[in-house]
Structures are given as C-alpha cells and as structure tokens.
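Report on the structure given below.
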Amino acid sequence: QALSEVRASYIADCGWATLTEAKKNFAERDERLKAFRTYSKVILWFEHDLYDQLQMLQILHWFSGQAQKNTALTMICTDQYLGMIPPEKITDLWPYEKDITAAQLILATKAWAAFRESTPELWAALLNENTETLPFLNGAVLRLLEEYPSPKNGLSRTAQKALEIIGAGETCPIKIFKQYRETEERLFLGDWSFWQILNTLLDGENPLLHLKGGGLLSRPPEKDQILTISPLGKTVLHGEKHAPPQPDHWIGGVHLSANVFWMWDAKKKVLQRKSHL
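Here you go:
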C-alpha cells in the first residue's frame with residue numbers, strides 16, 4: 001500500500017497519469033491479486049527486461065506470504081516481448097509455463113528486500129549468488145546497477161549512451177531514442193522516461209545538453225526541437241570532468257543526493273560510496 005502511494009505520486013509527477021488514475025490502477029491491481037484464491041490456477045506473465053523483473057520480484061514476494069490453498073501458481077517468463085507478440089501467437093508461449101517453486105519465492109523475497117534496502121550492497125551481492133532459478137534476474141541486477149553514476153564521469157549508462165549519440169551528431173530526440181534502444185540488450189525504458197533523462201541533462205546551471213530555443217523537451221518532443229551537446233557535455237563524455245550531481249532521486253530504496261551518493265564501476269563491477277565529488 002505504501003509503495004503504491006509513492007509510485008502513484010511519482011507517476012503523476014512525471015505526467016504519465018493523474019494521481020487519481022495512478023492510485024486507481026494500483027488499487028485495481030491489488031484487489032485482483034487478493035482475489036487469486038477464487039481461481040483454480042493463476043498464471044503470471046513476465047518479460048526478461050529490468051522493468052518486468054522488478055515487478056516479478058514484488059509479486060512473487062507478495063505471493064510468498066499468502067496461503068495458496070487450492071490455487072496453483074505458474075509463471076511464463078521468456079526472452080520475448082509480450083507486447084510485440086500478435087494475439088494469435090500468444091498461445092505459442094504455453095510450453096514455457098512452469099510451476100512456481102518454493103526456491104523461486106525465497107529468491108524473489110531476498111532480492112526484493114535487497115532492492116528496497118537504503119544501500120545497494122545487498123543488491124550488488126546478488127551478482128555473486130546462484131540465481132538460476134530466476135534465469136533473467138542476474139541481468140536485471142546488473143542493468144539496474146548500471147543506472148548508478150559511473151566513477152569515470154558521473155553518468156549513468158543511459159545518460160552516457162544518450163550523450164554519445166548526440167555527440168556523434170544526432171539532433172532529433174525521437175531518433176536519439178531509437179538509437180539508444182539499439183544499445184540495450186533487453187529493452188525496458190519507455191520514451192517518456194527517456195525524455196525525462198534528457199531533460200535532466202538539459203537542466204541546471206551547467207547543462208550537458210542544449211535545446212534549440214532553450215527550455216526543456218516537451219513530451220512527446222516537438223518536431224522542431226533540436227538537441228546538441230554542450231561544451232561541458234563533451235568534456236564529461238570524454239571523462240575529463242564529472243557530470244554535475246543529478247537532482248535528488250531514488251533507485252529502489254537508495255536515495256541519491258548531491259551530498260551522498262553511490263557509483264557503479266562497470267569495468268570492475270564494484271560499488272563506490274561518495275560523500276562529495
């Protein structure tokens with residue numbers, strides 16, 4: 001309930017839905033889950049990307065605290081994107097249906113607790129554990145860690161890729177997003193989330209990007225909105241300077257601020273805690 005309130009507020013702040021709509025959607029989801037015992041079997045469907053894997057952890061954790069009684073729990077989780085499968089082909093995924101095991105519930109509960117911790121060490125420690133019972137979890141753990149700032153220049157993986165694309169000469173926000181998607185092994189970030197990241201790079205006294213005419217990107221961007229990399233953006237991209245601290249934000253239960261934040265060294269695969277730049 002508390003998490004749904006936080007997420008609803010975040011979704012409303014981003015302009016993706018009104019606060020009322022977001023709360024209503026979460027309430028309907030929760031009521032649907034609570035009614036699971038009215039069915040003989042519940043099939044959970046998830047994709048392999050970060051977004052779905054986090055939802056999977058939350059839902060499996062919730063089910064771990066419920067008495068199943070006579071309801072069977074199964075899951076279909078493959079490396080295919082469900083939204084891209086034509087309705088007439090969805091039945092092709094039935095062979096992937098598997099019973100949800102106690103080991104999966106235990107691992108999901110452990111990973112969900114790690115995700116909600118105020119520091120990311122337990123989440124990173126999952127990389128060194130056997131997570132084969134949830135075969136796409138390891139990749140999701142790593143991809144989330146890559147959204148922490150890099151010790152090289154203070155950029156997340158997504159921000160780094162965006163600057164690389166813009167620095168190479170692409171100026172159209174929509175084309176930038178399409179090129180960014182090609183860099184992901186598992187697609188998870190939607191266009192509106194991407195515009196939000198670009199706006200973070202546009203904002204502040206020392207922006208890494210410039211927008212023709214000034215201001216921030218509209219969502220969706222207008223056709224005449226053109227992005228270029230700033231002089232500071234070029235030096236940050238090449239690792240000659242650190243990016244200015246991002247506004248306060250959260251990654252799971254970890255609060256990143258200008259004064260205290262964590263970094264992820266992608267080459268060494270280690271976390272670093274910083275109290276200042």
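Counting in the numbering used here, the sequence shown runs without a single skipped number right up to 277 at its last residue. Beta carbons: idealized from backbone N, C-alpha and C, even for Gly.
| Under the three-state reduction of DSSP, which class applies to V270: helix, strand or coil? | Along the sequence shown, read from residue 1 onward, the residue named residue 270 stands at position 270. Residue state for V270 is assigned as strand, using DSSP reduced to three classes.
| message | Tell me the rounded alpha-carbon separation between F63 and R29. | response | Position 63 of the sequence shown holds residue 63. Position 29 of the sequence shown holds residue 29. So the two alpha carbons sit approximately 14 Å from each other.
| said: Taking the beta carbon of L163 as the centre, do at least 16 other beta carbons fall within 10 Å, making it buried, or is it exposed? | reply: In the sequence shown, the residue the question calls residue 163 occupies position 163. In the assembly as shown, L163 is a buried residue. Its beta-carbon has 16 or more other beta-carbons within 10 Å.
| query | Helix or strand or just coil, what does DSSP make of I85? | reply | The residue labelled residue 85 in the question sits at position 85 within the sequence shown. DSSP places I85 in coil when its eight states are reduced to three.
| request: Would you kindly work out how many angstroms separate the C-alpha atoms of I251 and P120, rounded to a whole number? | output: Here residue 251 refers to the residue found at position 251 when the sequence shown is read from its first residue. Here residue 120 refers to the residue found at position 120 when the sequence shown is read from its first residue. Near 9 Å, if we compare the C-alpha coordinates of P120 and I251.
| message | Tell me the rounded alpha-carbon separation between K98 and I90. | response | As a position in the sequence shown, residue 98 is number 98, starting the count at 1. As a position in the sequence shown, residue 90 is number 90, starting the count at 1. If you draw a straight line from the Cα of K98 to the Cα of I90, it comes to about 16 Å.
| query | Would DSSP call H61 helix, strand or coil? | reply | Here residue 61 refers to the residue found at position 61 of the sequence shown. Helix, per DSSP.
| field | Inter-stretch contact (C-beta, 8 Å, three-pair minimum) for the stretch 240-249 and the stretch 192-208 | value | Output reads yes: the stretch 192-208 touches the stretch 240-249.
| field | Exposure label - I229; buried when at least 16 CB within 10 Å | value | Position 229 of the sequence shown, counting from 1, holds the residue named residue 229. With at least 16 other beta carbons inside 10 angstroms of its own, I229 counts as buried.
| message | What residue range does the beta strand (DSSP E) around D265 cover? | response | The count along the sequence shown starts at 1 and reaches residue 265 at position 265. Where D265 is concerned, the enclosing beta strand (DSSP E) stretches over 261-265.
| message | If you reduce the DSSP assignment to three classes, tell me which class W16 lands in. | response | Stepping through the sequence shown from its first residue, residue 16 is reached at position 16. Note: W16 maps to coil in three-state DSSP.
| query | What does a CB cutoff of less than 7 Å around E170 pick up in its chain, not counting 5 residues either side in sequence? | reply | Looking up residue 170 in the sequence shown gives position 170. Counting only Cβ-Cβ distances below 7 Å, and skipping sequence neighbours, we find I176, Q179.
| task | Confirm, please, whether the CB-CB distance from L189 to Y81 is below 9 Å. | result | Here residue 81 refers to the residue found at position 81 when the sequence shown is read from its first residue. Here residue 189 refers to the residue found at position 189 when the sequence shown is read from its first residue. The answer is no: Cβ separation not under 9 Å.
| task | Rounded to whole angstroms, what's the CA-CA distance from L57 to A168? Just pull it up for me. | result | Translated into the one-based positions of the sequence shown, residue 57 becomes position 57. Translated into the one-based positions of the sequence shown, residue 168 becomes position 168. Note on geometry: alpha-carbon atoms of L57 and A168 lie some 38 Å from one another.
| Whole runs of the alpha helix (DSSP H) within the stretch 107-136, excluding any shorter than 4 residues | Counting only runs of 4 or more, we get 121-125.
| said: Rounded to whole angstroms, what is the Cα-Cα separation between K69 and T109? | reply: Mapped onto the sequence shown, residue 69 falls at position 69. Mapped onto the sequence shown, residue 109 falls at position 109. Cα to Cα, K69 sits roughly 20 Å from T109.
| Short check: CB of Q55 to CB of F36, under 9 Å? | Residue 55 sits at position 55 when you count from the first residue of the sequence shown. Residue 36 sits at position 36 when you count from the first residue of the sequence shown. No, they are not a contact pair.
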